[in-house]
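Visitor: Please see the structure below; I have some questions.
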Amino acid sequence: MSSVFFSIVIPTYNRKPILTKCLKALEVQRFTPATAIKGYEIVVVDDGSTDGTLDYLKANAEQFPHVITFAQNHQGAAAARNLGVEKAQGDTIIFIDSDLVVTENFLEAHAAGLAQGRQEGYGDRVFTYGWVINTCNFENPTSEPYKVTDFSAAYFATGNVAIARHWLIEAGLFDTGFQLYGWEDLELGVRLKKLNLKLIKCPEAVGYHWHPPFSLAQIPKLIDQEHQRGRMGVLFYQKHPTWDVKMMIQMTWLHRILWGVLSVGGRLNERTLAPFLQWLINRGKPQLALEVARIFLNWYNVQGVYEAYAELKQQ
Numbered sequence: 000m001s002s003v004f005f006s007i008v009i010p011t012y013n014r015k016p017i018l019t020k021c022l023k024a025l026e027v028q029r030f031t032p033a034t035a036i037k038g039y040e041i042v043v044v045d046d047g048s049t050d051g052t053l054d055y056l057k058a059n060a061e062q063f064p065h066v067i068t069f070a071q072n073h074q075g076a077a078a079a080r081n082l083g084v085e086k087a088q089g090d091t092i093i094f095i096d097s098d099l100v101v102t103e104n105f106l107e108a109h110a111a112g113l114a115q116g117r118q119e120g121y122g123d124r125v126f127t128y129g130w131v132i133n134t135c136n137f138e139n140p141t142s143e144p145y146k147v148t149d150f151s152a153a154y155f156a157t158g159n160v161a162i163a164r165h166w167l168i169e170a171g172l173f174d175t176g177f178q179l180y181g182w183e184d185l186e187l188g189v190r191l192k193k194l195n196l197k198l199i200k201c202p203e204a205v206g207y208h209w210h211p212p213f214s215l216a217q218i219p220k221l222i223d224q225e226h227q228r229g230r231m232g233v234l235f236y237q238k239h240p241t242w243d244v245k246m247m248i249q250m251t252w253l254h255r256i257l258w259g260v261l262s263v264g265g266r267l268n269e270r271t272l273a274p275f276l277q278w279l280i281n282r283g284k285p286q287l288a289l290e291v292a293r294i295f296l297n298w299y300n301v302q303g304v305y306e307a308y309a310e311l312k313q314q
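For the sequence shown, numbering that gives the first Met the number 0 begins at 0 and goes up steadily by one.
Here's what the structure looks like:
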């Protein structure tokens with residue numbers, strides 16, 4: 000069995016409380032006697048945090064023996080992940096986000112998935128993609144059950160993925176032109192697909208993605224993110240002008256009709272739905288409220304895509 004040394008690359012920006020949980024979970028990994036894992040490191044890249052993240056990690060270094068830290072000015076997740084890959088000592092990179100809390104067999108599960116790829120004759124031309132379960136339970140994030148809304152059809156996404164380091168370098172790493180919200184990982188995935196890498200689903204490698212319970216106060220930021228995602232989606236399409244990418248970024252007449260109908264032409268929005276969303280939140284259903292809010296959030300995303308594309312054509 001081939002041995003593996005993992006470098007877990009984690010970009011972070013002002014996430015100290017949940018990052019602490021993330022790192023503590025990675026420090027208590029369990030390994031079977033026949034493990035293929037010869038070691039691991041946790042590469043934390045601080046993207047210009049102002050909440051004392053680096054000072055905290057240095058002051059509590061004895062709690063995090065596997066952690067090494069690097070810092071950069073605030074340049075975004077793509078640049079932070081690239082720095083992490085550059086500094087990594089491992090032959091295999093695992094990307095997770097700094098608000099992901101993993102289970103004790105997380106590394107073993109990824110190693111088993113990579114070994115499966117070798118057994119099936121793909122060598123190291125594979126990557127493993129684990130489950131990401133969304134939760135707003137900060138105290139006990141790993142208690143959250145898997146939900147239909149947690150399903151992802153993405154080919155390559157950095158929430159929970161393991162891949163040989165040299166493939167990332169050969170593909171050209173992340174495009175740092177994606178400085179706003181969204182798409183930098185899926186765009187790299189398109190380039191990895193051209194290298195004929197095989198995706199191996201790895202549901203045993205579970206990460207619990209924490210976010211605060213949904214509230215109406217979050218809506219302006221979420222709308223802004225959808226506009227940013229629209230702009231970055233057009234950048235994605237510029238680089239890869241295919242129907243698949245148009246579907247991903249929702250730049251099709253199908254999406255215009257779908258979200259136009261569901262939002263009644265934008266009439267179901269953050270103002271008109273606010274009382275209903277608050278009613279759901281008051282009854283302890285913030286996740287359901289967020290799913291309802293996606294009706295108008297997706298409408299804003301589609302609008303943002305077409306606005307950005309119109310600007311591009313004018314230029």
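Built from N, CA and C at the ideal position, the CB exists for glycine as well.
With DSSP as the reference, please indicate the residues paired to His-208 in a beta bridge.
Guide: In the sequence shown, residue 208 corresponds to position 209, counting from 1. According to DSSP, His-208 bridges with Leu-99, Asn-133.
Visitor: Skipping 5 residues on each side, what residues in its chain have a beta carbon closer than 8 Å to that of Leu-289?
Guide: Taking the sequence shown and counting its residues from 1, the one referred to as residue 289 is at position 290. So the qualifying residues of the chain are Phe-213.
Visitor: Please say whether Asp-90 and Phe-4 have beta carbons closer to each other than 9 Å?
Guide: As a working note, residue 4 is residue 5 in the sequence shown. As a working note, residue 90 is residue 91 in the sequence shown. Yes, these two residues count as a Cβ contact at 9 Å.
Visitor: Which residues does DSSP pair with Asn-159 in a beta bridge?
Guide: As a first step, residue 159 is located in the sequence shown; it is residue number 160 there, counting from the start. Paired residues: Ile-95.
Visitor: So, with DSSP's three-state summary, where would you put Ala-70?
Guide: For the purposes of this step, residue 70 is taken as residue 71 along the sequence shown, with counting starting at 1. Ala-70: strand per DSSP, three-state reduction.
Visitor: Reducing DSSP to helix, strand and coil, say where Tyr-236 ends up.
Guide: Position 237 of the sequence shown, counted from the start, is the residue given in the question as residue 236. In this structure, Tyr-236 counts as helix in the three-state DSSP scheme.
Visitor: Could you tell me whether the Cβ atoms of Tyr-207 and Leu-106 are closer together than 9 Å?
Guide: Here the question's residue 207 lines up with position 208 in the sequence shown. Here the question's residue 106 lines up with position 107 in the sequence shown. Result no, Cβ atoms of Tyr-207 and Leu-106 do not sit closer than 9 Å.
Visitor: Return the Cβ separation of Ile-199 and Gln-115 in integer angstroms, given the expectation that the two are a contact with Cβ distance under 8 Å.
Guide: The sequence position of residue 199 within the sequence shown is 200, counting from 1. The sequence position of residue 115 within the sequence shown is 116, counting from 1. Their Cβ separation, rounded to whole angstroms, is 6 Å, which keeps Ile-199 and Gln-115 in contact under 8 Å.
Visitor: Along the chain, which unbroken stretches of the alpha helix (DSSP H) at least 4 residues long are found entirely within the segment 263-294?
Guide: Runs of the alpha helix (DSSP H) inside the segment 263-294: 273-281.
Visitor: Can you tell me the Cα-Cα spacing of Tyr-154 and Leu-194, whole angstroms?
Guide: In the sequence shown, counting from the first residue as 1, residue 154 sits at position 155. In the sequence shown, counting from the first residue as 1, residue 194 sits at position 195. The straight-line gap from Cα to Cα measures roughly 13 Å.
Visitor: Is it buried or exposed, His-165, if we count other Cβ atoms within 10 angstroms and call 16 or more buried?
Guide: As a first step, residue 165 must be located in the sequence shown, where it is residue number 166. Looking at its Cβ environment, which holds fewer than 16 other Cβ atoms inside 10 Å, His-165 is exposed.
Visitor: Asp-98 and Trp-209: beta carbons closer than 9 Å?
Guide: As a position in the sequence shown, residue 98 is number 99, starting the count at 1. As a position in the sequence shown, residue 209 is number 210, starting the count at 1. Yes, the Cβ-Cβ distance between Asp-98 and Trp-209 is below 9 Å.
Visitor: How many whole angstroms separate the CB atoms of Asn-300 and Arg-228, which I take to be in contact at a CB cut-off of 8 Å?
Guide: Here residue 300 refers to the residue found at position 301 when the sequence shown is read from its first residue. Here residue 228 refers to the residue found at position 229 when the sequence shown is read from its first residue. Sure, about 6 Å apart at Cβ, within 8 Å.
Visitor: Using the Cα positions of Arg-282 and Tyr-128, report the straight-line distance between them to the nearest angstrom.
Guide: Mapped onto the sequence shown, residue 282 falls at position 283. Mapped onto the sequence shown, residue 128 falls at position 129. Distance between the alpha carbons of Arg-282 and Tyr-128: 35 Å.
Visitor: Using a Cβ-Cβ cutoff of less than 6 Å, which residues in the same chain neighbour Ile-222 once the five nearest sequence positions on both sides are dropped?
Guide: Here residue 222 refers to the residue found at position 223 when the sequence shown is read from its first residue. Same-chain partners within the cutoff: Tyr-299.
Visitor: Thinking Leu-191 and Ala-170 are a contact (beta carbons under 8 Å), I'd like their distance in whole angstroms, please.
Guide: Start at 1 with the first residue of the sequence shown, and residue 191 comes out as number 192. Start at 1 with the first residue of the sequence shown, and residue 170 comes out as number 171. Sure, about 5 Å apart at Cβ, within 8 Å.
Visitor: Assuming Glu-225 contacts Gly-303 (C-beta within less than 8 Å), just tell me the rounded distance between them.
Guide: Here residue 225 refers to the residue found at position 226 when the sequence shown is read from its first residue. Here residue 303 refers to the residue found at position 304 when the sequence shown is read from its first residue. Their Cβ separation, rounded to whole angstroms, is 6 Å, which keeps Glu-225 and Gly-303 in contact under 8 Å.
Visitor: Suppose the cutoff is 6 Å on Cβ atoms and the five residues either side in sequence are ignored; what does the same chain contact list for Ile-218 look like?
Guide: As a first step, residue 218 must be located in the sequence shown, where it is residue number 219. So the list reads Glu-269, once near-sequence residues are dropped.
Visitor: Give the DSSP-derived three-state secondary structure of Lys-200 in the structure shown.
Guide: On the sequence shown, position 201 is the one that residue 200 refers to. Looking at Lys-200 - three-state DSSP - the assignment turns out to be strand.
Visitor: Consult DSSP for Tyr-39 and reduce its assignment to one of helix, strand or coil.
Guide: Stepping through the sequence shown from its first residue, residue 39 is reached at position 40. Looking at Tyr-39 - three-state DSSP - the assignment turns out to be strand.
Visitor: Kindly list the residues whose CB is nearer than 6 Å to the CB of Asn-159, restricted to its own chain and excluding five residues on each side of it in sequence; keep chain order.
Guide: Taking the first residue of the sequence shown as position 1, residue 159 is located at position 160. For Asn-159, where only same-chain residues beyond five positions count, the Cβ hits under 6 Å are Ile-95, Gly-129, Val-131, Gly-206.
Visitor: What does the Cβ neighbour count give for Pro-64, buried or exposed, with the cut at 16 atoms within 10 Å?
Guide: Position 65 of the sequence shown, counted from the first residue, corresponds to residue 64. Per the 10 Å Cβ criterion, exposed.
Visitor: Classify Glu-143: buried if its beta carbon has 16 or more other beta carbons within 10 angstroms, exposed otherwise.
Guide: Start at 1 with the first residue of the sequence shown, and residue 143 comes out as number 144. Label assigned to Glu-143: buried.
Visitor: Spatial neighbours of Gln-88 within its chain, please: C-beta separation below 8 Å, excluding the five flanking residues on both sides.
Guide: Against the sequence shown, residue 88 aligns to sequence position 89. Once the five neighbours on either side are set aside, the close Cβ partners of Gln-88 are Phe-4, Ser-6, Glu-40.
Visitor: Count the other CB atoms within 10 Å of the CB of Asn-139; is the residue buried (16 or more) or exposed (fewer)?
Guide: Position 140 of the sequence shown, counting from 1, holds the residue named residue 139. Exposed: under 16 other Cβ atoms inside 10 Å.
Visitor: Tell me which residues share the same chain as Val-189 and place their Cβ nearer than 6 Å to its Cβ, disregarding the 5 neighbours each side in the sequence.
Guide: Counting from 1 along the sequence shown, the entry for residue 189 is found at position 190. Result list for Val-189: His-239, in chain order.
Visitor: Does Val-3 come out as helix, strand or coil in the three-state DSSP assignment?
Guide: For this step, residue 3 is matched to residue 4 along the sequence shown. Strand.
Visitor: Report the rounded CA-to-CA distance for Glu-310 versus Leu-287, giving the unit in angstroms.
Guide: For the purposes of this step, residue 310 is taken as residue 311 along the sequence shown, with counting starting at 1. For the purposes of this step, residue 287 is taken as residue 288 along the sequence shown, with counting starting at 1. About 35 Å.
Visitor: Determine the extent of the alpha helix (DSSP H) in which Met-247 is found, giving its start and end residues.
Guide: Position 248 of the sequence shown, counted from the first residue, corresponds to residue 247. From DSSP, the alpha helix (DSSP H) with Met-247 extends over 242-247.
Visitor: Given Thr-68, which residues of its chain have a CB within under 7 Å of its CB, disregarding the five upstream and five downstream residues?
Guide: Sequence index remark: in the sequence shown, residue 68 carries index 69 (1-based). Excluding positions up to five away in sequence, the list reads Val-43, Asp-45, Leu-53, Leu-56.
Visitor: Please classify Thr-11: does DSSP put it in a helix, a strand, or coil?
Guide: Start at 1 with the first residue of the sequence shown, and residue 11 comes out as number 12. Of the three classes helix, strand and coil, the one that applies to Thr-11 here is strand, per DSSP.
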